[in-house]
Amino acid sequence: MPKQEIHPGSQAMAGGSHGIMARTYFRVKPFIPRSFRWVLRRIRIPRILKRSAGVWPIDETAAEKPLHWKGWPDGKQFALVLTHDVESQGGLANCRNLGELEMEFGFRSSYNLIPEGSYEDPVELREWLVENGFEVGVHDLNHDGHLYESRESFAEKAKSINSYLAKWNAVGFRSGFMLRQLDWLHDLNVLYDTSTFDTDPFEPQPEGSQTIFPFHVKPSDNIKGSGYIELSYTLPQDSTLFLLLREKSPDIWMRKLDWIARNGGLALVNIHPDYIDFHGEGNHSSTYPSSHVKEFLQYIRSEYDGAYWNPLARDLAFWYHNQSPTD
Ligand SMILES: [Zn+2]
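Each residue of the sequence shown is one higher than the one before, starting from 1329 at the first, in the numbering used here.
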């Protein structure tokens, strides 16, 4: 009996911890100014691009359909899930603008909030999101890069995360910096996790899930529970495209979306409200114009109207949970 649906990259992705370089980086990170952090990250780009030629932004092997795959509800060609990690006070201030932009094009999305980070629990914003059909999820606990430092400390932190999941009526989780130990996440009372990606060599734990489809992560025999659904993000993060690579248009998003649509997969993107400049006055080393997001949403509507399913992440996970073979 398989413990976990098999995907080419899932074993590599689930095991191991982030390396010593990453751990050192997270220790010194609080002392490095944000703009200089981008400079440091940009230094590594040429080497990463060279190493990942042919597997980023598209890894062709990720298009393989899971066993028993029956397609999306109502015969839709592909699924589209929009998610947002809110990193700072500045990001909180942009959430309504972003939500309104999404609603203008008929989309809904999931906003992942940090419970014990640099901002207070935004009660009013959470209410506004829920009233307008958006989802609230939990993003890490402290967002300091130390969530997975030891098995024992994670078990303690999981208790706190579970209390926020209950308080916020949330069922979804994403780690800070896409760090992960998929087999530890069984400690969380979640329906789904979205800390993985099909391909993203720019992250500190760069192993991809190599799939553009959801999959079930089941616990080993000595752990109780039925596991959770893993939703990998499959479009590059906005921060990677516009801040790290300094792309001047959302062209890479569109190209990858076209490929996912052709292959009938899940297009899942993580857009940070923190980095969007809605008023044309931002610092362009740490923000990008909101027109990039608008152009992308417009493109989805004009090219694929009627062809995609745009559920909240939790609704897609719930649907897949009910589809997923029980083996
Ligand atoms: Zn984050």
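Note that the Cβ used here is the ideal one computed from N, Cα and C, for glycine as well.
With a CB to CB cut of under 6 Å and the five nearest residues on each side skipped, what residues in its chain are close to residue i?
i            : result
residue 1390 : 1526, 1538, 1539 and 1540
residue 1354 : 1473
residue 1426 : 1601
residue 1582 : 1627
Looking at residue i: is its Cβ nearer than 8 Å to the Cβ of residue j?
i            : j            : result
residue 1475 : residue 1482 : yes
residue 1459 : residue 1438 : no
residue 1572 : residue 1370 : yes
residue 1542 : residue 1648 : yes
residue 1436 : residue 1640 : yes
residue 1567 : residue 1603 : yes
residue 1570 : residue 1620 : yes
residue 1433 : residue 1592 : no
residue 1465 : residue 1504 : no
residue 1507 : residue 1646 : no
residue 1429 : residue 1625 : yes
residue 1529 : residue 1397 : no
residue 1502 : residue 1440 : yes
residue 1400 : residue 1637 : yes
residue 1414 : residue 1376 : no
Among the candidates the options, whose CA atom is the shortest distance from the CA of residue i?
i            : options                   : result
residue 1595 : 1414, 1604 and 1635       : 1635
residue 1447 : 1470, 1430, 1426 and 1455 : 1470
residue 1409 : 1511, 1445 and 1598       : 1598
residue 1395 : 1616, 1567 and 1544       : 1544
residue 1366 : 1614, 1644, 1605 and 1402 : 1614
residue 1362 : 1516, 1400, 1632 and 1612 : 1612
residue 1631 : 1651, 1643, 1650 and 1589 : 1589
residue 1445 : 1489, 1404 and 1392       : 1489
Could you tell me the boundaries of the alpha helix (DSSP H) in which residue i lies?
i            : result
residue 1591 : 1579–1591
residue 1643 : 1641–1651
residue 1482 : 1479–1495
residue 1417 : 1417–1432
residue 1458 : 1451–1459
Below 7 Å CB to CB, which residues in the same chain sit around residue i once its five sequence neighbours on both sides are set aside?
i            : result
residue 1339 : Confidence at residue 1339 is low in this model, with a pLDDT of 48, below 50, so the placement of that residue should be treated as unreliable; the coordinate-derived value is given next. Excluding residues within five positions, none has a Cβ falling inside 7 Å.
residue 1605 : 1615, 1616, 1617 and 1618
residue 1477 : none
residue 1454 : 1464 and 1496
residue 1333 : Caution is warranted here: a pLDDT of 48 is assigned to residue 1333, below 50, making its placement in the model unreliable, and no coordinate value can be reported.
residue 1344 : For residue 1344, the predicted model reports a pLDDT of 47, less than 50, meaning its position is unreliable and no value from the coordinates is stated.
residue 1557 : 1519, 1520, 1542, 1544, 1645, 1648 and 1649
If I follow the unbroken beta strand (DSSP E) through residue i, where does it start and stop?
i            : result
residue 1371 : Careful: residue 1371 lies outside any beta strand (DSSP E), inside the alpha helix (DSSP H) at 1362–1371.
residue 1558 : 1556–1558
residue 1502 : 1500–1502
residue 1595 : 1594–1598
residue 1391 : It is not in any beta strand (DSSP E) - residue 1391 carries neither H nor E in the DSSP assignment.
residue 1545 : 1543–1545
Run through the DSSP bridge pairs and tell me what residue i is partnered with.
i            : result
residue 1466 : 1441 and 1501
residue 1408 : 1595
residue 1617 : 1605
residue 1353 : DSSP lists no partner for residue 1353.
residue 1525 : 1561
So, at 8 Å on beta carbons, what are the nonlocal neighbours of residue i in its own chain, with the 5 sequence-adjacent residues on each side left out?
i            : result
residue 1629 : 1433 and 1434
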